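Reviewing the structure listed below.
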Amino acid sequence: MSDNRKYYYLKLKENYFDEDAIVLLESMQDGILYSNILLKLYLKSLKNGGKLQLDENIPYTAQMIATITRQQVGTVERALQIFMKLGLVEPLQNGALYMSNIELLIGQSSTEGERKRRARLALQEQKALPKAGADKCPPYQADICPPEIEIEKEIEIEKERERELDTGQTARAAYGRYENVFLSQSELDGLKADLPDKWNYYIDRLSCHIASSGKRYRSHAATIYKWAQEDAAKKAPKKGIPDYSCKEGESL
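Just so we're aligned, residue 1 is where the sequence shown starts under full-length UniProt numbering, counting upward by one.
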């Protein structure tokens, strides 16, 4: 069985605490507490792409943040006001708070500007921010998928749902290690019947290939069948070559 659990991590630069905003923050009265709250909020927001919310419908309140950070409500309220003034946190239309610099602290990208553009695009896709102004996954055996891949995956799932609504096709679910292989129930049942010992292997293989290469396929089920046929052809004995082997006790 593949491990379909999601993993998230925060990647801090070695000069994180030398950034102007953090130096100013920690120089304030209770600044060390504010810095501790900020780090905890970064971590809490990872699984939601930088948004501080319990789920898609319930944004965190100051009281809730005080509970999860184990700080006084008054301290949290002052910290949030300071975070907003420093540009570390910004409010969204749905009432949730967004950790403005989260995209600079996660995963791997070519430039910081590209990371921020992708994060903003993801938020626009989810209709969390107004349209103002506005990579690579680990190897197959790795168990960590950075949040920017999760953001891209959520966008892909949403696009898949839109395609289903437009075409009237049967809804497809996400499968594989990185949950980016889309199959209808009939397609999944067909793979299980036709590839009883290999269907899960091919789903995971395609999942990692898509995540690491960024390639897109019109039909994930058809791609799996194609790979299975190619693998079978490689194992099949070549025709036209006589078999001169013999069993023990036999002679040619």
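Note that the Cβ used here is the ideal one computed from N, Cα and C, for glycine as well. These figures come from a predicted structure and were not determined experimentally.
Problem - 6 Å CB neighbourhood of G176 in its chain, flanking five on each side removed - result: One-based indexing of the sequence shown puts residue 176 at position 176. Around G176: I203, D204 and S207.
Problem - Buried versus exposed, by CB contacts within 10 Å (16 or more), Y140 - result: Here residue 140 refers to the residue found at position 140 of the sequence shown. Interpretation of Y140 is limited by its pLDDT of 38, a score under 50 that renders its predicted location unreliable; no figure is taken from the coordinates.
Problem - Buried/exposed call for A222, threshold 16 Cβ in 10 Å - result: Looking up residue 222 in the sequence shown gives position 222. Exposed.
Problem - Environment of Q53 [buried if 16+ CB atoms lie within 10 Å] - result: Along the sequence shown, read from residue 1 onward, the residue named residue 53 stands at position 53. Buried, by the Cβ-count rule.
Practice task
Express the C-alpha separation of E179 and S213 in angstroms, rounding to a whole number.
Solution key: Numbered from its first residue, the sequence shown carries residue 213 at position 213. Numbered from its first residue, the sequence shown carries residue 179 at position 179. In a straight line, the C-alpha of S213 is about 15 Å away from that of E179.
Problem - Range of the contiguous beta strand (DSSP E) that encloses D18 - result: On the sequence shown, position 18 is the one that residue 18 refers to. First-last for D18: undefined, no H or E at that position.
Exercise for the section: Return yes when the Cβ of Y98 is within less than 7 Å of the Cβ of G50, no when it is not. Expected result: The residue you call residue 50 lines up with position 50 of the sequence shown. The residue you call residue 98 lines up with position 98 of the sequence shown. Yes.
Exercise for the section: Drop a sphere of 10 angstroms on the beta-carbon of S45, count the other beta-carbons inside from all chains shown, and report buried for 16 or more, exposed for fewer. Expected result: Residue numbering aside, residue 45 sits at position 45 when the sequence shown is read from its first letter. S45 should be labelled buried.
Practice task
Please list, in chain order, all residues of the same chain as L25 whose beta carbon is under 6 Å from its beta carbon, the five residues on each side excluded.
Solution key: Mapped onto the sequence shown, residue 25 falls at position 25. Short of 6 Å from the beta carbon of L25, and not among the five residues preceding or following it, lie these beta carbons of its own chain, in chain order: G31, Y34 and S35.
Practice task
Starting from E77, trace the alpha helix (DSSP H) both ways and give me its first and last residue.
Solution key: Numbered from its first residue, the sequence shown carries residue 77 at position 77. It spans V73 to K85 - the alpha helix (DSSP H) in which E77 sits, taken as one unbroken run.
Handout entry: Every unbroken alpha helix (DSSP H) inside the region 49-74 [4 residues or more]
Key = Taking only runs of at least 4 residues, the alpha helix (DSSP H) segments lying wholly in the region 49-74 are 62-69.
Problem - Buried versus exposed, by CB contacts within 10 Å (16 or more), N48 - result: To locate residue 48, count along the sequence shown from 1; it is residue 48. N48 comes out buried.
Exercise for the section: Can you grab the Cα-Cα spacing for the pair C145 / V23, in whole Å? Expected result: Walking along the sequence shown from the start, residue 145 turns up at place 145. Walking along the sequence shown from the start, residue 23 turns up at place 23. Only weak support is given to the placement of C145: the predicted model assigns it a pLDDT of 49, under 50, and the value that follows is read from those uncertain coordinates. V23 has its alpha-carbon roughly 31 Å from the corresponding atom of C145.
Practice task
With DSSP as the reference, label L97 as helix, strand or coil.
Solution key: Stepping through the sequence shown from its first residue, residue 97 is reached at position 97. Strand, per DSSP.
Practice task
Taking only the alpha-carbon atoms, compute the straight-line gap between L92 and A211 and give it to the nearest angstrom.
Solution key: The residue given as residue 92 occupies position 92 in the sequence shown. The residue given as residue 211 occupies position 211 in the sequence shown. Taking the straight line joining both Cα atoms gives about 29 Å.
Exercise for the section: Note down, in chain order, each residue of its chain lying with its Cβ closer than 7 Å to the Cβ of S100, except the 5 sequence neighbours on either side. Expected result: Here residue 100 corresponds to residue number 100 of the sequence shown, with the count starting at 1. The residues are G87, L88, V89 and E90.
Practice task
Pull up the distance between the alpha-carbon of L38 and that of V181, whole angstroms please.
Solution key: Taking the first residue of the sequence shown as 1, we reach residue 38 at position 38. Taking the first residue of the sequence shown as 1, we reach residue 181 at position 181. When rounded, the distance between both Cα atoms is 35 Å.
Exercise for the section: Taking the CB atoms as reference points, tell me whether V76 and A96 lie closer together than 7 Å. Expected result: One-based indexing of the sequence shown puts residue 76 at position 76. One-based indexing of the sequence shown puts residue 96 at position 96. Against a cut-off of 7 Å, the Cβ pair of A96 and V76 comes out as no contact.
Practice task
Let me know the secondary structure DSSP gives A174 once reduced to three states.
Solution key: The count along the sequence shown starts at 1 and reaches residue 174 at position 174. Reduced to three states, the DSSP call for A174 is strand.
Handout entry: Sub-7 Å separation of L105 and K226 beta-carbons
Key = For the purposes of this step, residue 105 is identified with residue 105 of the sequence shown, where counting begins at 1. For the purposes of this step, residue 226 is identified with residue 226 of the sequence shown, where counting begins at 1. Going by C-beta atoms, L105 is not nearer than 7 Å to K226.
Practice task
Please say whether L188 and A228 have beta carbons closer to each other than 7 Å?
Solution key: In the sequence shown, the residue the question calls residue 228 occupies position 228. In the sequence shown, the residue the question calls residue 188 occupies position 188. No, these two residues do not count as a Cβ contact at 7 Å.
Practice task
Confirm, please, whether the CB-CB distance from V73 to A66 is below 7 Å.
Solution key: Position 66 of the sequence shown, counted from the start, is the residue given in the question as residue 66. Position 73 of the sequence shown, counted from the start, is the residue given in the question as residue 73. Yes. Within cutoff.
Problem - For L183: DSSP bridge partner residues - result: For the purposes of this step, residue 183 is taken as the residue at position 183 of the sequence shown. In DSSP, L183 forms a bridge with A173.
Practice task
May I ask you to report which of helix, strand or coil DSSP gives E90?
Solution key: If you number the sequence shown from 1, residue 90 lands on position 90. E90 falls in the strand class under three-state DSSP.
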